[in-house]
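Student:
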Amino acid sequence: MTSDLLASGEEVELRELPRSLVIVGGGYIALELGQMFRRFGAQVTILERGPRLLQGFEPEAGLAITEILRDEGVRVETGTPVRRVQRDGEGVLVSGDREGRRYGLRRSGC
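Following the working numbering, the numbering of the sequence shown begins with 1439 at its first residue and continues without gaps.
1. State the DSSP-derived secondary structure class of G1549, mapped to helix, strand or coil.
2. Please state the DSSP three-state secondary structure of L1543.
3. Starting from the Cα of L1492, find the closest Cα among Q1481, I1467, D1526 and give me that residue.
4. Consult DSSP for G1529 and reduce its assignment to one of helix, strand or coil.
5. Rounded to whole angstroms, how far is the Cβ of E1412 from the Cβ of Q1473, which I believe are closer than 8 Å?
6. Buried or exposed: where does P1497 fall if 16 or more other Cβ atoms within 10 Å of its Cβ makes it buried?
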């Protein structure tokens, strides 16, 4: 099975590695999935609406994991709320506002 949109609570079996993906949220499950997919070779972007990752933990933890993920090639964007996720041709368009400016990220499937 392949899918353009996945939720962490869904039972999913991917048969192909996505070339790129956007993960919405900066909690520990999102970070584990992001790091895993990056290590498998996918281009990964993590979008967190708050000022740092791991909001429920000590600030130092979020800052440290951000540095580790970026060193591994994960794009981490904080202060970036997602307003819309939609299928767009062969992929998904994720959009919202950041610092008063609109943004859009397009990610392709497998």
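Glycine is no exception: its CB is placed at the ideal position from the N, C-alpha and C atoms.
Tutor: Quick answer:
1. The requested residue 1549 is not part of the displayed model; the chain covers only 1439 to 1548.
2. Locating residue 1543 in the sequence shown gives position 105, where the first residue counts as 1. Look at L1543 here: in three-state DSSP terms it is strand.
3. On the sequence shown, position 54 is the one that residue 1492 refers to. Answer by Cα proximity: I1467.
4. Counting from one through the sequence shown, the residue named residue 1529 turns up at place 91. Strand.
5. Residue 1412 is absent from the model: the chain starts at 1439 and stops at 1548.
6. Locating residue 1497 in the sequence shown gives position 59, where the first residue counts as 1. With a 10 Å radius around the Cβ and a threshold of 16 neighbouring Cβ atoms, P1497 comes out exposed.
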